[in-house]
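For the record, in the sequence shown the residue sitting at position 81 is 97 according to the working numbering, with numbers rising by one throughout. Here a beta-carbon is modelled for each residue, glycine too, at the ideal position from N, C-alpha and C. Treat the numbers as computed from the prediction; the structure is a model and nothing was measured.
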Amino acid sequence: MQRCVSKFLIILSLNIFCAGYSAFAQASTHRLSQADSLFKEKRYVQSLEQYQAIFAQKQYTPAMLLKMAYIEEGLHKTGEALYYLNLYYNVTNDKSVLEKMEELADKHNLAGYEQTDTGRFLNFYNDYHWPVGIALMAIALFLLSLSFYFKRKKIKIWPSLTGLAIILVLLVVHNTAGEKVSNGIIANTNTYIMDGPSPGATVVSVIESGHRVEVIGKKDVWIKILWKGETAYVKENNLLPLSL
17 MQRCVSKFLI
27 ILSLNIFCAG
37 YSAFAQASTH
47 RLSQADSLFK
57 EKRYVQSLEQ
67 YQAIFAQKQY
77 TPAMLLKMAY
87 IEEGLHKTGE
97 ALYYLNLYYN
107 VTNDKSVLEK
117 MEELADKHNL
127 AGYEQTDTGR
137 FLNFYNDYHW
147 PVGIALMAIA
157 LFLLSLSFYF
167 KRKKIKIWPS
177 LTGLAIILVL
187 LVVHNTAGEK
197 VSNGIIANTN
207 TYIMDGPSPG
217 ATVVSVIESG
227 HRVEVIGKKD
237 VWIKILWKGE
247 TAYVKENNLL
257 PLSL
């Protein structure tokens with residue numbers, strides 16, 4: 017009897033959870049539909065409010081992120097526009113948006129968006145990170161099988177083992193190098209860049225919103241960043257992390 021009751025309670029809990037999630041998803045879908053309608057009617061501020069409410073619930077679509085960027089740019093909020101464009105790129109990998117971000121950054125003298133040859137190569141490399149990894153693993157398995165075959169046939173196996181060792185080293189390097197850099201967007205105007213994680217540290221620079229910086233660590237409420245090639249710190253509430 018107790019076992020039946022336990023099963024019933026588990027099933028009931030799952031049903032309640034699924035029903036709650038379904039209701040939440042339906043509510044988000046309805047709000048998204050409302051926001052899209054407002055956007056079509058060019059009621060951009062009201063539309064943005066709806067999109068922001070959806071985004072606050074960690075719900076989004078690529079089209080929604082793009083529309084939010086469009087509205088923020090129209091409201092002359094360049095930092096927020098670049099933030100949503102960055103998130104859109106992270107989701108879709110749409111290369112055309114890189115030109116738009118660079119254009120906005122150049123127009124407002126914002127750092128962190130320069131498309132260098134190294135940056136382009138890293139973008140290309142990250143795009144094909146998984147296929148390259150799978151290819152390296154396939155080669156490693158082939159060389160391992162070849163080594164066993166050579167051993168059975170009493171053929172020298174050191175060439176295949178050497179090749180296997182090289183491929184395994186490349187796999188380790190590949191997995192390490194494939195970790196995407198963590199970036200953030202400066203969220204507020206007159207943001208203080210400090211040389212240490214303390215209010216008493218020296219002010220390195222006072223910058224506007226929209227700059228993109230590389231995040232390399234965190235200490236209490238201070239985010240450790242790279243600013244103009246040097247280590248610096250910024251308050252956590254002054255940075256929008258580029259992650260979903």
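Simplified DSSP state of residue i, which is helix, strand or coil
i, result
"V237", "coil"
"P257", "strand"
"T247", "strand"
"L242", "strand"
"S49", "helix"
"Y208", "strand"
"I171", "coil"
"E230", "strand"
"S63", "helix"
"S176", "helix"
"E252", "helix"
"G125", "Checking the sequence shown, residue 125 turns out to be Asn, not Gly. If DSSP states are grouped into helix, strand and coil, N125 belongs with coil."
"G216", "coil"
"N199", "strand"
"S221", "strand"
"Q131", "coil"
"H92", "coil"
Buried or exposed (CB count within 10 angstroms, at least 16 for buried), residue i
i, result
"W174", "exposed"
"H46", "exposed"
"Y165", "exposed"
"R228", "buried"
"G245", "exposed"
"G233", "exposed"
"L180", "buried"
"E88", "buried"
"I239", "buried"
"W146", "exposed"
"I150", "exposed"
"I171", "exposed"
"I183", "buried"
"I241", "buried"
"A51", "buried"
Residue i and residue j closer than 8 Å at C-beta
i, j, result
"V222", "A248", "no"
"N199", "L258", "yes"
"L81", "Y104", "yes"
"V231", "K251", "no"
"G226", "G90", "no"
"L152", "S163", "no"
"I201", "L256", "yes"
"K235", "P215", "no"
"L126", "A97", "no"
Own chain residues within Cβ distance below 6 Å of residue i, not counting five before or after
i, result
"V107", "P78"
"L54", "Q62 and S63"
"N254", "A203, N204 and T207"
"M84", "Y67 and Y100"
"N102", "L258"
Beta-carbon proximity list for residue i, same chain, < 7 Å, skipping 5 on both sides
i, result
"Q75", "S44"
"K123", "none"
Contact set for residue i: own chain, Cβ-Cβ below 8 Å, skip 5 residues either direction
i, result
"M17", "Since pLDDT at M17 reaches only 46, below the 50 mark, its modelled position is unreliable, and no value is offered."
"A69", "R47"
Contact test: residue i Cβ vs the ligand NAP heavy atom, cutoff 7 Å
i, result
"K123", "Looking at this structure, you won't find the ligand NAP or any other ligand, since it has none at all."
Worksheet item: For the 8 Å Cβ check, are there 3 or more pairs between the stretch 149-166 and the stretch 182-194?
Response: With a cut-off of 8 Å, the stretch 182-194 and the stretch 149-166 count as touching, because enough Cβ pairs lie within range.
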